[in-house]
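**Q** Take this structure, written in structure tokens, and hold onto it; I'll ask about it next.
Numbering (this note's numbering), first residue to last: 272 to 445.
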């Protein structure tokens with residue numbers, strides 16, 4: 272069975288899928304690194320740092336300003352309340368912002384587009400670091416597709432009024 276790295280107050284329950292159900296406490300911040308299996312991670316109301324690890328994971332943040340990293344695999348990351356940073360890694364991920372001013376950061380994108388829901392233009396932002404100023408980033412308000420050089424990297428809601436800005440290290444979409 273795989274192993275995880277977590278704070279001592281985190282409850283860890285093994286599953287039959289070579290993974291864990293991992294529950295962070297409500298009253299203090301948690302730092303959790305999931306296993307290589309199928310993990311379900313849920314944290315409390317503090318500012319938490321969650322990494323799903325390899326495998327297909329579900330990571331649920333609480334009311335704090337959480338950082339949730341999908342890592343490898345087809346992951347579901349849910350920020351919950353608070354101003355969360357949802358980091359999208361390799362695999363086909365679903366990132367759900369929730370309440371607050373959330374940041375969706377693309378650490379990696381591949382052939383299958385990721386899905387971003389509950390994105391609020393003017394409140395949330397998408398960050399695409401590490402791409403050159405020669406890169407073409409577009410959003411189609413009819414289809415909801417976000418593209419980098421013609422490749423669809425994410426599916427958002429259609430009809431959003433987005434502003435795409437070039438930064439020193441890539442692009443930011445508001």
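The C-beta atom is built at its ideal place from N, Cα and C for all residues, glycine as well.
Report the three-state DSSP secondary structure of residue 352 (helix, strand or coil).
**A** The sequence position of residue 352 within the chain shown is 81, counting from 1. Coil at residue 352, not helix or strand.
**Q** Could you have a look at residue 286 and say whether DSSP puts it in helix, strand or coil?
**A** Taking the first residue of the chain shown as 1, we reach residue 286 at position 15. Looking at residue 286 - three-state DSSP - the assignment turns out to be coil, as it is neither helix nor strand.
**Q** By how many angstroms is the C-alpha of residue 370 removed from the C-alpha of residue 347?
**A** Counting from 1 along the chain shown, the entry for residue 347 is found at position 76. Counting from 1 along the chain shown, the entry for residue 370 is found at position 99. Residue 347 and residue 370: Cα-Cα distance of roughly 16 Å.
**Q** Count the other C-beta atoms from every protein chain shown that fall within 10 angstroms of the C-beta of residue 438, then say buried if there are 16 or more, exposed otherwise.
**A** On the chain shown, position 167 is the one that residue 438 refers to. By the 10 Å Cβ count, residue 438 comes out exposed.
**Q** If you follow the beta strand (DSSP E) that residue 416 is part of, which residue opens it and which one closes it?
**A** As a position in the chain shown, residue 416 is number 145, starting the count at 1. Unbroken beta strand (DSSP E) run through residue 416: 416 to 419.
**Q** Report whether the distance from the Cβ of residue 343 to the nearest heavy atom of the ligand ATP is below 7 Å.
**A** Absence of the ligand ATP from the depicted structure is noted, as is the absence of any ligand whatsoever, leaving it without description.
**Q** Let me confirm a value: residue 413 is counted as buried when at least 16 other C-beta atoms fall within 10 Å, else exposed. Which label applies?
**A** Numbered from its first residue, the chain shown carries residue 413 at position 142. Flag for residue 413 reads exposed.
**Q** Ignore the nearest five residues each way along the sequence and tell me which others in residue 343's own chain have a CB closer than 7 Å to its CB.
**A** Sequence index remark: in the chain shown, residue 343 carries index 72 (1-based). The residues are 325, 360, 361 and 362.
**Q** Terminal residues of the continuous beta strand (DSSP E) containing residue 320?
**A** Taking the chain shown and counting its residues from 1, one reaches residue 320 at position 49. Residues 320 to 322.
**Q** Is residue 380 near residue 419, with beta carbons less than 8 Å apart?
**A** Within the chain shown, residue 380 is the residue found at index 109, counting from 1. Within the chain shown, residue 419 is the residue found at index 148, counting from 1. Their beta carbons are under 8 Å apart, which means residue 380 touches residue 419 by this criterion.
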